[in-house]
Amino acid sequence: MPISLKLTQAIIGISWAVMGIIYLCQKERLEHTIKFYSLALIITFTLPMLQLVREESIPSLLFFMNFESHNIAFLYGPFLYLYVKNILNEPIKGFKKVGIHFIPFVIFYISEFFLKAHVNFSEDVLGQPPVNGISMGGENPIVYIHSAFGAVSVLVYGIVIYKRIVKYRKTVDQFFSSHENDVTLSWLKKLALGYIVLFGLSFAALFILTPSVLTLPLAVAQRVPPQLITNIPLSLFILYFSLNSAGQKIIVTDSSAEKTTSDTSSSGKYKKSIITDEEMEKLTQKLQKFMESSKIYLDSDLTLEKLAKETGITRHILSQVLNEGLHVAFYTFINRLRIAEFEELVRAKKYQSLSIMGLAFECGFRSSSSFYSALKKEKGKTPKQLIKDIEAA
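Residue numbers (numbering that gives the first Met the number 0): 0 to 392.
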């Protein structure tokens, strides 16, 4: 690859990384663990950019500048996973629990020193000398092996991260009446998907465009340098992460959420359930009467824990009543009542003295986004459409 192209890519990638690091360091409200993993991610993504400007004439004074891109791939997943876990307020504590995620990197990095020096794929395996300095068999097979495992690492961590975010999102519905963390969750989902897609494409390009007896001719591969393809996703990811990570915050959850979730099996059935059908019916009626008389759903900070205390029903039993008795998640149950209250206020012509959002806040919604999404999900209409239909009736 021409040195000018190397320098251009390196300058862009490193500049974005420096910008992200400075931005993160200025955000004092960020938790130290979040800041650490954010910085670790940005620095890790930038290491291949440093390789682009490393020439034989330039001494490798820094140890990390000798890292190969295919080995660095083993760091992306662990750092991103630990970052997401901390954002979800599920930090992994202890050196052993954190360190286990970096064992593959250590193994592959050390093994390369012992294997790469003793195997020449072109001459020893194929019996063909390099052509114009490029091996007919492509890179040393160790590079291909490490790259393949690196791709698997990227894919596995990406899927695990995405599934964890989706699972968390479903858990939120069981314990909270509002989705104030939707922005952060949406960012994490995009981050996980972007991570899988961008790095998946880069690894695919690496194998397709690197000269090999099994892939494209040398002429084609020489016209499209694999480094160019593999570093474009890196640059894009650095930019996206740098611009967005500092604006995120740790999600604050109810301390009881994890405990209640653990009381439910993967099939959705409650463990240690001792409620009979008759008791379930009585508790369901008790809950509905309480909601009607107290209108506690107007409290925008209402949680499952708070409702359990007010009704005198244990949190575990209340969750079971909602899911098995009323067949509804806590979030949906509360917001249906809020929407019904909104409809009553509209019928009472309250919207003539209050704005639409004024009415929504009166009904317990915390933001316009939560109100609009709940209304769209429940009624399939916008507020104006609902008001128009009520007036017409």
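Beta carbons are placed, not taken as given, at the ideal position from N, Cα and C, and that holds for glycine.
Treat the numbers as computed from the prediction; the structure is a model and nothing was measured.
**Report entry** CB-CB length for residue 199 against residue 236, believed under 8 Å
**Finding:** No, residue 199 and residue 236 are not in contact; Cβ-Cβ is about 12 Å, not under 8 Å.
Query raised in the report: So, is residue 54 buried or exposed, given that buried needs 16 or more other C-beta atoms within 10 angstroms?
Result: Confidence at residue 54 is low in this model, with a pLDDT of 48, below 50, so the placement of that residue is unreliable and no value is reported for it.
Query raised in the report: Hey, how far is the Cα of residue 86 from the Cα of residue 93?
Result: 17 Å
Query raised in the report: Hey, out of 318, 305, 310, 274, whose CA is closest to residue 288's CA?
Result: 310
Query raised in the report: Would you call the region 297 to 306 and the region 349 to 369 in contact, with 3 or more CB pairs under 8 Å?
Result: yes
Query raised in the report: Which term fits residue 318, buried or exposed, when burial requires 16 or more other beta carbons within 10 angstroms of its beta carbon?
Result: buried
Report task. Decide if residue 105 is buried, meaning its Cβ has at least 16 other Cβ atoms within 10 Å, or exposed. Result -> exposed
**Report entry** Buried or exposed (CB count within 10 angstroms, at least 16 for buried), residue 292
**Finding:** exposed
Query raised in the report: Under a Cβ-count criterion, where at least 16 other Cβ atoms within 10 Å of its own Cβ denotes burial, should residue 79 be classed as buried or exposed?
Result: buried
Query raised in the report: For the alpha helix (DSSP H) that contains residue 345, what are its first and last residues?
Result: 329 to 346
Query - Backbone CA spacing between residue 321 and residue 383 [nearest angstrom] - result: 31 Å
Requested in this report: Would you list the one or two residues that DSSP bridges to residue 275?
Outcome: Beta-bridge pairing links residue 275 to no other residue.
Report task. Could you check how far apart the C-beta atoms of residue 84 and residue 90 are, in whole angstroms? I think they sit under 8 Å. Result -> 6 Å
Query raised in the report: Excluding five sequence neighbours on each side, which residues of the same chain lie with their C-beta closer than 8 Å to the C-beta of residue 100?
Result: 76, 77, 80, 81
**Report entry** Same chain only: Cβ atoms within 7 Å of residue 295, ignoring 5 sequence neighbours per side
**Finding:** 301, 306, 309
Requested in this report: State the CB to CB distance for the pair residue 338 and residue 380, rounded to an integer number of angstroms; the pair is presumed to be in contact (CB under 8 Å).
Outcome: That belief does not hold up - the Cβ atoms of residue 338 and residue 380 are roughly 10 Å apart, past 8 Å.
Query - Beta bridge counterpart(s) of residue 381 as assigned by DSSP - result: Its beta-bridge partners do not exist; DSSP assigns none.
**Report entry** In DSSP terms, what residue 313 is bridged to
**Finding:** DSSP, once it has assigned bridges, lists no residue as partnering residue 313.
Query - Residues of its chain near residue 153, where Cβ-Cβ distance is below 8 Å and the 5 sequence neighbours each way are ignored - result: 72, 75, 76, 194, 195, 198, 199, 202
Report task. Measuring alpha carbon to alpha carbon, tell me which of 353, 240, 188 ends up nearest residue 160. Result -> 188
**Report entry** 8 Å contact criterion, which residue 184 and residue 168 should meet: CB distance rounded
**Finding:** 6 Å
Query - Cβ-Cβ separation, residue 341 to residue 359 (assumed contact under 8 Å), whole Å - result: 7 Å
Report task. Take residue 335 as the anchor and find which of 368, 39, 323, 290 has the nearest alpha-carbon. Result -> 290
Query raised in the report: Looking only at its own chain, which residues have a Cβ that is under 7 Å from the Cβ of residue 389, when we skip the five neighbours before and after it?
Result: 342, 345, 346
Query raised in the report: When the distance is taken between beta carbons, is residue 329 closer than 8 Å to residue 353?
Result: no
Requested in this report: Could you pull out every residue in the same chain whose Cβ sits closer than 7 Å to the Cβ of residue 327, ignoring the five residues on either side in sequence?
Outcome: 321
**Report entry** Span of the alpha helix (DSSP H) around residue 294
**Finding:** First-last for residue 294: undefined, no H or E at that position.
Query raised in the report: From residue 367 to residue 374, what does the alpha carbon distance come to, in whole angstroms?
Result: 10 Å
Report task. Return the chain-ordered list of same chain residues with a C-beta closer than 6 Å to the C-beta of residue 156, the five sequence neighbours on each side being excluded. Result -> 76, 80
Query raised in the report: Which residues in the same chain as residue 108 place their Cβ atom closer than 7 Å to its Cβ, once the five residues preceding and following it in sequence are excluded?
Result: 70
Query raised in the report: For the candidate residues 274, 283, 284, 186, whose alpha-carbon lies nearest to that of residue 239?
Result: 186
Query raised in the report: Is it buried or exposed for residue 164, if we count other Cβ within 10 angstroms and need 16 for buried?
Result: buried
Query raised in the report: Can you list, in chain order, the residues of its chain whose CB lies under 6 Å from that of residue 95, leaving out five sequence neighbours each side?
Result: none
Query raised in the report: Which residues in the same chain as residue 279 place their Cβ atom closer than 6 Å to its Cβ, once the five residues preceding and following it in sequence are excluded?
Result: 324
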